[in-house]
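A.B. asks: This structure is in structure tokens; I'll ask about it shortly.
Protein chains: 4
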Amino acid sequence: MDAEVLARRCAAVMYERDRASQRLGIEIEDVGPGRASARMRVTAEMVNGHDIAHGGYVFLLADDAFAFACNTYDQVTVAAAAEVVFVRPARLGDELVAEAAERTRYGRNGIYDVTVRRAADGAVIAEFRGHGRSQDRRVLGDQISGRVR
Amino acid sequence: MDAEVLARRCAAVMYERDRASQRLGIEIEDVGPGRASARMRVTAEMVNGHDIAHGGYVFLLADDAFAFACNTYDQVTVAAAAEVVFVRPARLGDELVAEAAERTRYGRNGIYDVTVRRAADGAVIAEFRGHGRSQDRRVLGDQISGRVR
Amino acid sequence: MDAEVLARRCAAVMYERDRASQRLGIEIEDVGPGRASARMRVTAEMVNGHDIAHGGYVFLLADDAFAFACNTYDQVTVAAAAEVVFVRPARLGDELVAEAAERTRYGRNGIYDVTVRRAADGAVIAEFRGHGRSQDRRVLGDQISGRVR
Amino acid sequence: MDAEVLARRCAAVMYERDRASQRLGIEIEDVGPGRASARMRVTAEMVNGHDIAHGGYVFLLADDAFAFACNTYDQVTVAAAAEVVFVRPARLGDELVAEAAERTRYGRNGIYDVTVRRAADGAVIAEFRGHGRSQDRRVLGDQISGRVR
């Protein structure tokens, strides 16, 4: 199977299971081998009394882009660790886009860089680096031997 | 004002404004100078299809404990950066407790260590380190010169 | 073998091999299960033109304390990653002490916190967190079955 | 002054003061606005008994590339914090090259990514991320108003 097709298929399977991301209205875009973007609008449930987004939701969006990017090779990969820098606040109503790109892979490990930007003007909201660790399981699982294949 | 009293008063003011934490049912406990705990139950909206908590919500809880701990001196302090290690998964229904303790402060900076545990058995779910940066504003703000004082 | 004795024996074997640390005059102290201290004086070769220690040598000292601490169980453990915060500069002639303490272990992984202080007054120079990953080899190796035993 | 020229001039002034880097034979290359490379050969003084480079020296090289890259704007910038992942060991005799590139700057802060590679085959030895904080001092200092200008 073509690597680009495989990557998108993995993302589709993951998204279907990811109720948390679905509920927050997160959309996954631009998926390819080792890369993915995640888009989310800051809603009233994500902000504090000053209408500034809780850092946890900014992290969650970046973590999603990372998770989708590192699972594009049909090998289940879990987030082992991450670092985040909060560059500027996101506000109620802002649409945010997190772009994840693979930096390097070695053994079962992978490092992914994610930049979260405000969609309206491209201003950087956060810089994130995620560390994934892959397991001996396939993302596509049963699907691969069944109907989807 | 006594440092313990001041710390709790700051937390009360912060919590009142923090709609995101309130909505998730997060409770803040054991607040004192440079320390705070945050408690949260993993609900259906926080999990994926395998009933495992999204790492973003585990981070959010740790980030909350950190934010409350570093704002206990009545000086507004924002999260500048954080690192998290995901030690083991949290599951639907698990009650999690994040305990934040100050490691060191210097200039406008502070470093806080947060351990997230499963309440039932104390198993470590995540280790988090937060980096705060304080500003020239008070947490208690108007309250200090008004009725609360 | 007693855990304290085993820890010190592992440290002795490691130190004997560690030419880099020996050459810098680093001394290892207070070794026990999951803990170790490393002591070093800032020499002329470690400073820049303003007599301030290069951050690389401060990191190296912290990394040493971490490496000795995580190899105290007679299981070879390598540094997989680390984070460091430079709190204040160290200067020519300063004696520095790095104290490493285990935060948590899980599977083959361990997290160790190291604080580097100026010995003269205890001022914090750096805060370090190291991530170790253990291998299927013993630290004591041949020694255990040979003369040292 | 042209930004490329200014960057190289800052690096020249910094290098002249940096006795620690000089003594280790580190060479600074490819300096421009927000970028720099540092090259070093792993010598006998940098290794342990298995001829593997001490992680402290790998960090030091990456830290150098970072320090030179973030001081290219003629504003003194100090390393506030850094994270490093050790991807594979470097060995006695290996020539290492650390390439630093700016990821983002905001306020007085800057984030720089550094990859350390083995020169012979480009294999990644370490991934480093440095956090700089700039001060109200110029790198060129007296030089700018004196002879060098």
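Residue numbers (the numbering used here), protein chains in the order written: chain C, 1 to 149; chain B, 1001 to 1149; chain Y, 2001 to 2149; chain H, 3001 to 3149. Ideal Cβ positions, reconstructed from N, Cα and C, are used throughout, including at glycine.
#1: With a Cβ-Cβ cutoff of 7 Å, do E2095 of chain Y and R2041 of chain Y count as a contact?
#2: Look at V1097 of chain B and S1037 of chain B and say whether their C-beta atoms are less than 7 Å apart.
#3: Give a yes or no on whether 7 Å exceeds the smallest Cβ distance from E1083 of chain B to chain Y.
#4: Roughly how many whole angstroms lie between the Cα atoms of E1004 of chain B and Q1135 of chain B?
#5: If you scan the region 1077-1146 of chain B from start to end, which runs of the beta strand (DSSP E) of 3 or more residues do you find wholly inside it?
#6: Taking Cβ-Cβ distances below 8 Å as the criterion, which residues of the region 1019-1049 of chain B are in contact with chain C?
#7: Would Y2106 of chain Y count as contacting chain B if we go by Cβ distances under 7 Å?
#8: Quick one: what's got a C-beta closer than 8 Å to V2058 of chain Y's C-beta in the same chain, skipping five residues either side?
#9: Rounded to a whole number of angstroms, what is the C-alpha to C-alpha distance between R17 of chain C and H1050 of chain B?
#10: Counting only C-beta atoms, is I1111 of chain B closer than 7 Å to chain Y at any point?
#11: For D164 of chain C, is the classification buried or exposed, using 16 other Cβ atoms within 10 angstroms of its Cβ as the cut-off for buried?
#12: Under 6 Å Cβ to Cβ from R1108 of chain B, same chain only, skipping five residues before and after it: list those, please.
#13: Judging by CA-CA distance, which residue of Y:D2121, Y:A2120, Y:G2025, Y:A2067 is the nearest neighbour of A2101 of chain Y?
#14: Which partner residues of V2047 of chain Y appear in the DSSP bridge assignment?
#15: Show which residues of chain C have a CB atom less than 7 Å away from the CB atom of V3087 of chain H.
#16: Between M1001 of chain B and the rest of its own chain, which residues show a CB-CB distance below 6 Å, the 5 nearest in sequence each way excluded?
#17: So what does DSSP say about D64 of chain C, is it helix, strand or coil?
#18: Establish whether the CB of E1127 of chain B and some CB of chain Y are separated by less than 7 Å.
#19: What does the alpha-carbon distance come out to for the pair A2080 of chain Y and T3077 of chain H?
#20: Rounded to the nearest angstrom, what separates Y1073 of chain B and L1061 of chain B at their Cα positions?
#21: Identify each residue in the region 5-19 of chain C for which the Cβ-Cβ distance to at least one residue of chain B is less than 8 Å, and report them in chain order.
#22: Taking all protein chains shown into account, decide if D3121 of chain H is buried (16 or more other Cβ within 10 angstroms of its Cβ) or exposed.
#23: Taking Cβ positions, are A2012 of chain Y and P2033 of chain Y nearer each other than 7 Å?
#24: For A79 of chain C, would you say it is in contact with chain B, using Cβ-to-Cβ distances shorter than 7 Å as the test?
#25: Can you tell me which of the three DSSP states V2042 of chain Y falls into?
C.D. replies: Straight from the coordinates:
#1: In this structure, R2041 of chain Y lies closer than 7 Å to E2095 of chain Y by Cβ.
#2: yes
#3: yes
#4: 21 Å
#5: Those beta strand (DSSP E) runs which fall completely within the region 1077-1146 of chain B and span 3+ residues are 1077-1086, 1095-1106, 1109-1118, 1124-1134.
#6: R1019, A1020, S1021, R1023, A1044, E1045, M1046, V1047, N1048, G1049
#7: yes
#8: V2084, F2086, A2090, L2096, V2116, I2125, A2126
#9: 7 Å
#10: Look at I1111 of chain B: its C-beta is under 7 Å from a C-beta on chain Y.
#11: Within the shown structure, residues of chain C are numbered from 1 to 149, placing residue 164 of chain C beyond reach of any answer.
#12: R1133, S1134
#13: Y:A2067
#14: Y:A2053
#15: One finds T104, Y106 in chain C with Cβ atoms closer than 7 Å to the Cβ of V3087 of chain H, taken in chain order.
#16: none
#17: Here D64 of chain C sits in helix by DSSP.
#18: yes
#19: 28 Å
#20: Linking Y1073 of chain B to L1061 of chain B through their CA atoms gives a straight-line distance of about 21 Å.
#21: E16, R17, D18, R19
#22: exposed
#23: no
#24: yes
#25: coil
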